[in-house]
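Throughout the sequence shown, residue numbering follows mature numbering (1 follows the signal peptide of the UniProt record, and there is no 0), covering -19 to -1, 1 to 157 in sequence.
Let me begin by presenting the structure, written as C-alpha cells, before commenting on it.
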Amino acid sequence: MAQPIAIILLAVAIAPGLAVGSSSSVINTTCAALKILQPYDYCVGVLSADPAAAAATDVAGVAAAAVNITAVKAESTLRIITYLVDDLKTCREYYSNMLESLADVRVDLGAGRFSNASFEISVNATARPDDCDILLFEGNAHKDPFTHENGENALLVRLASGIIDLLNKNLVNHGF
C-alpha cells in the first residue's frame, strides 16, 4: 500500500512542472522584468504555452524559446503574405478586365448601343469586385486587405449596370 501512495505523492510533486500552460518561476521573473515593455499576462501566457519556454531553467532558455516562437509566427506571416501577393495578382487581373469592359461600355453608351452596354457591364464587370473579395476571403490567406474598396466598387458597378438596364429597357419599351 505504501508504494501506490508514494507514486501518487511523487506525481503530485512533479505535476506542476509538467503541466502545459503553467508558468515557471523563470518565466514569471523574466516577464516581471519586462513589465514596462510587455504586458505581464501576455508574456506569461505566450511563454507558458510553449513547452520549451516552460521547461527553461534560466533566462537564456526562455530567450531561446521566445526567439523560436517569434520565428514560427514570422514564418506563418510570410506564408500569408505570399498567399496574399498571389491572390492580389489575380485581383489585379480581375480589375484590369473590369476596366477594359467599362471602356467598351463607354463606347457602346456613346454610340447608343444600350443593349450591348448592358450585356457587357453585367457579364464582364459586375461580378469582379465580388470575385476578388471571395478569392481573398476563401483563399489560403483568409484575409482581405481592401474589403471596403471592393464593396464600393461592387456598389458602383451595380449602380451603373442598373442605370444602363433602365436605358436599355426604355429603348426597348419606348423606342428611344
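For every residue, glycine included, the Cβ atom is placed at its ideal position computed from N, Cα and C.
Alpha-carbon to alpha-carbon, residue j and residue i
i: residue 107; j: residue 99; result: 10 Å
i: residue 20; j: residue 4; result: 15 Å
i: residue 150; j: residue 81; result: 24 Å
i: residue 75; j: residue 110; result: 8 Å
i: residue 167; j: residue 122; result: Since the displayed the chain opens at -19 and closes at 157, residue 167 lies outside it and no answer follows.
i: residue 50; j: residue 56; result: 10 Å
i: residue 135; j: residue 52; result: 39 Å
i: residue 174; j: residue 140; result: For the chain, the structure presents residues -19 to 157; residue 174 sits outside this window and is missing.
i: residue 58; j: residue 148; result: 48 Å
i: residue 23; j: residue 46; result: 15 Å
i: residue -18; j: residue 60; result: Any answer about residue -18 is weak, because its pLDDT of 49 lies below 50 and its placement is not dependable; what the coordinates show is given next. About 55 Å.
i: residue 27; j: residue 17; result: 17 Å
i: residue 125; j: residue 93; result: 38 Å
i: residue 95; j: residue 138; result: 16 Å
Backbone secondary structure at residue i - three-state DSSP
i: residue 10; result: helix
i: residue 126; result: coil
i: residue 4; result: coil
i: residue 50; result: helix
i: residue 92; result: coil
i: residue 61; result: helix
i: residue 15; result: coil
Near the ligand ADP: residue i beta-carbon under 8 Å from a heavy atom
i: residue 112; result: As presented, the structure is devoid of all ligands, the ligand ADP included, so that no description of it is given.
Classification of residue i by the beta-carbon crowding that lies within 10 angstroms, buried from 16 upward
i: residue 101; result: buried
i: residue 25; result: buried
i: residue 62; result: exposed
i: residue 13; result: exposed
i: residue 104; result: exposed
i: residue 31; result: buried
i: residue 11; result: buried
- request: Quick one: which unbroken alpha helix (DSSP H) runs of 4-plus residues sit fully inside the stretch 19 to 48? Chain order, please.
  value: 21 to 29 and 32 to 36
message: With three or more beta-carbon pairs closer than 8 Å as the criterion, would you say the stretch 82 to 95 touches the stretch 111 to 121?
response: no
Sequence ranges, alpha helix (DSSP H) only - wholly within the stretch 97 to 149, length at least 4: 109 to 119
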